[in-house]
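Below is one structure, written out as structure tokens; the observations come after it.
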Amino acid sequence: MISDQTDAFVIRSVDFSETSKVVTLFSRDLGKLSVMAKGARRLKSSFEVALDLLSVCRICVRRKTTAELDLLTEAKLLERFDGLRRNLGALYAGYFIAEVLNGLTGRHDAHPVLYDSSVETLRRLGQGEDRQLTLIRFQLKLLKELGYAPILTHCSISGAEVGLSERMAYSVAAGGLVHPDEARNRSGCMTIQGATVQALRVYSGETEAAERLVPSQRGRDEMWRLLLATVATHLGRMPKMVAMLDAS
């Protein structure tokens, strides 16, 4: 067995026996890990609160190349995002992040940039930053890092350049903007504002301008609808936490 250390946060936890848990972690250096945490349910467990959902911890894991589950031998709490637990909407947003990471990332497939972005997003949510905009920016980073970034400058079907206009066509199935000539004969395109496309471009660039940008509520809603539909397409279903987010 190979023993490794890395930072990770908990994205799923299931009771396995009277004393143990099966925990899914999203780690910085090792990607998604499914681990057996022996003794984690004991009152005086060495893991303590390190394995609470969304907790960030420093872990030591023995990876088993031939087994479904790796073995967690140590977990030291680094960060807990207490602000999330004082705001139900922010907590649901954190659970949304955990759900889509679990569904879209592969075992032992490391994405350190996505890990850092996820932790920073949880931090921002815990500090009370705008939930919708924070999740919009997270989804853009998620899609980019996994190779599904929206095509925002060219037609996703023909490859022709698409200039900004007041109303623009976007295809979730094709993964981006659709040139007007293509959109005329294609069903399933959604219509969005040119201002929404420009906002998506700014947020995708992750510059100082992205920090200053405050889109209209209509623009926010269009970005949220577009990105959520894209995530759902690759996930194969709508994330379950969306209903809780809508209700909070």
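The opening residue of the sequence shown carries number 56 in the numbering used here; numbering runs sequentially from there. Positions of the beta carbon are idealized from the N, C-alpha and C atoms, including for glycine. Here the structure is a predicted model, which means the values were calculated and not measured.
At the C-beta level, threonine 251 and glycine 274 come within 7 Å of one another. Beyond the five residues adjoining it in sequence on each side, threonine 246 comes within less than 8 Å, by CB distance, of Arg222, Met223, Ala224 and Tyr225 in the same chain, given in chain order.
A check of alpha carbon separations from proline 167 across Leu143, Glu184, Lys87 and Phe102 identifies Lys87 as the nearest. Close CB contacts of threonine 61 within its chain, under the 7 Å cut and outside five residues either way in sequence, are with Ser82, Arg83, Asp84, Leu85 and Ile114 (chain order). The alpha-carbon separation between glutamate 154 and serine 220 amounts to approximately 35 Å.
Assigned with DSSP and collapsed to three states, phenylalanine 102 falls in coil, not helix or strand.
The region 170 to 180 makes no contact with the region 99 to 108, as fewer than three CB pairs between them are under 8 Å. In this structure valine 116 is not in contact with aspartate 107, their Cβ atoms being roughly 18 Å apart against a cut-off of 8 Å. In the DSSP assignment, glutamate 123 falls outside any alpha helix (DSSP H) and carries neither an H nor an E. Arginine 141 sits in a helix when the DSSP states are folded into three classes. The Cβ neighbour count for glutamine 248, taken over all protein chains shown within 10 Å, is at least 16; the residue is labelled buried. By the CB criterion at 7 Å, isoleucine 212 and alanine 229 fall inside the cutoff.
Shown here, glutamate 216 sits in a strand according to DSSP, grouped into three states. Non-local C-beta neighbours of aspartate 164 in its own chain, meaning closer than 8 Å and more than five positions away in sequence, comprise Gly86 and Lys87, ordered along the chain. Between leucine 159 and tyrosine 258, the gap from beta carbon to beta carbon reaches 7 Å or more.
The C-beta separation of leucine 169 from phenylalanine 136 comes to about 17 Å, leaving the pair out of contact by the 8 Å criterion. In the assembly as shown, lysine 295 is an exposed residue. Its beta-carbon has fewer than 16 other beta-carbons within 10 Å. Leucine 139 sits close to glycine 149, with the two beta carbons spaced by under 7 Å.
Among the bridge pairs identified by DSSP, aspartate 164 is matched with none. Pairing leucine 146 with alanine 105 gives a Cβ-Cβ distance that is not under 7 Å. Look at methionine 296 here: in three-state DSSP terms it is helix. Glutamate 237 counts as buried, since no fewer than 16 other beta carbons sit within 10 angstroms of its beta carbon. Under the DSSP assignment, arginine 256 falls in the alpha helix (DSSP H) whose first and last residues are 249 to 260. The three-state reading of DSSP puts alanine 228 in coil, since its state is none of H, G, I, E or B.
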